[in-house]
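Chemist: The sequence shown begins at 0 in numbering that gives the first Met the number 0 and counts up by one.
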Amino acid sequence: MIGTTSPTTTLTMQAETFKQAAHALIDTSPEDASWRELAYVAALRASIQQGLGEADAAQLISQDEIDAELGAST
(Lines of atoms letter the chains of each structure in order from A and count residues from 1; the text may use other names and numbers.)
(Lines give C-alpha, C1' and ligand atoms only; values in the text may rest on other atoms or scores of the structure.)
Protein backbone atom coordinates (compact mmCIF):
# COMPACT_ATOMS: atom_id res chain seq x y z
CA MET A 1 0.00 0.00 0.00
CA ILE A 2 1.24 3.46 -0.74
CA GLY A 3 2.35 5.76 2.01
CA THR A 4 2.96 2.96 4.49
CA THR A 5 5.03 4.37 7.31
CA SER A 6 6.35 3.32 10.65
CA PRO A 7 4.83 4.74 13.86
CA THR A 8 7.90 6.96 14.25
CA THR A 9 7.40 8.42 10.78
CA THR A 10 3.73 9.05 11.53
CA LEU A 11 4.58 10.95 14.71
CA THR A 12 7.14 13.14 12.97
CA MET A 13 4.67 13.81 10.16
CA GLN A 14 2.57 15.83 12.59
CA ALA A 15 5.38 18.39 12.88
CA GLU A 16 5.71 18.69 9.11
CA THR A 17 3.99 21.27 7.02
CA PHE A 18 1.28 20.14 4.64
CA LYS A 19 3.64 20.62 1.71
CA GLN A 20 6.34 18.47 3.33
CA ALA A 21 3.82 15.73 4.12
CA ALA A 22 2.49 15.79 0.54
CA HIS A 23 6.01 15.47 -0.84
CA ALA A 24 6.75 12.60 1.55
CA LEU A 25 3.56 10.81 0.48
CA ILE A 26 4.52 11.06 -3.18
CA ASP A 27 8.16 10.15 -2.52
CA THR A 28 7.19 6.97 -0.63
CA SER A 29 4.56 5.87 -3.15
CA PRO A 30 5.28 3.10 -5.65
CA GLU A 31 5.96 4.14 -9.22
CA ASP A 32 2.63 2.69 -10.36
CA ALA A 33 0.49 4.46 -7.71
CA SER A 34 -2.72 5.95 -9.05
CA TRP A 35 -4.27 9.33 -8.28
CA ARG A 36 -7.10 7.45 -6.56
CA GLU A 37 -4.64 5.70 -4.22
CA LEU A 38 -2.84 8.96 -3.43
CA ALA A 39 -6.15 10.70 -2.72
CA TYR A 40 -7.27 7.81 -0.48
CA VAL A 41 -4.10 7.86 1.62
CA ALA A 42 -4.15 11.67 1.85
CA ALA A 43 -7.79 11.63 3.01
CA LEU A 44 -7.06 8.84 5.48
CA ARG A 45 -4.15 10.74 6.99
CA ALA A 46 -6.21 13.94 7.21
CA SER A 47 -9.01 12.06 8.96
CA ILE A 48 -6.62 10.49 11.44
CA GLN A 49 -4.97 13.83 12.17
CA GLN A 50 -8.38 15.42 12.71
CA GLY A 51 -9.37 12.66 15.12
CA LEU A 52 -6.11 12.98 17.03
CA GLY A 53 -6.63 16.73 17.30
CA GLU A 54 -10.16 16.23 18.58
CA ALA A 55 -8.94 13.67 21.11
CA ASP A 56 -6.21 16.03 22.30
CA ALA A 57 -8.84 18.77 22.72
CA ALA A 58 -11.12 16.37 24.65
CA GLN A 59 -13.80 16.65 21.96
CA LEU A 60 -14.68 12.98 22.02
CA ILE A 61 -18.16 11.50 22.10
CA SER A 62 -18.76 8.70 24.57
CA GLN A 63 -20.25 5.39 23.50
CA ASP A 64 -23.29 6.14 25.69
CA GLU A 65 -23.88 9.41 23.78
CA ILE A 66 -23.61 7.59 20.46
CA ASP A 67 -26.00 4.87 21.60
CA ALA A 68 -28.51 7.50 22.82
CA GLU A 69 -28.30 9.40 19.53
CA LEU A 70 -28.86 6.22 17.51
CA GLY A 71 -31.56 4.96 19.83
CA ALA A 72 -29.54 1.85 20.69
CA SER A 73 -29.78 0.20 24.05
CA THR A 74 -26.88 -1.55 25.75
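Note that beta-carbon positions come from the ideal geometry of N, C-alpha and C, so glycine has one too. Quantities reported herein were computed from a predicted structural model and do not represent experimental measurements.
Give the straight-line distance between the Cα atoms of residue 58 and residue 46, rounded to the nearest whole angstrom.
Modeler: If I take the Cα positions, the gap works out to 15 Å.
Chemist: What span of residues does the alpha helix (DSSP H) with residue 48 cover, start to end?
Modeler: Per DSSP, residue 48 belongs to the alpha helix (DSSP H) from 34-55.
Chemist: Given residue 64, which residues of its chain have a CB within under 7 Å of its CB, disregarding the five upstream and five downstream residues?
Modeler: Hits under 7 Å: none found.
Chemist: When you compare only the Cα positions, how much space is there between residue 27 and residue 33?
Modeler: Each residue's alpha carbon lies about 13 Å from the other.
Chemist: Helix, strand or coil, according to DSSP, for residue 68 in the structure here?
Modeler: In the structure shown, residue 68 sits in a helix (DSSP, three-state: H, G or I).
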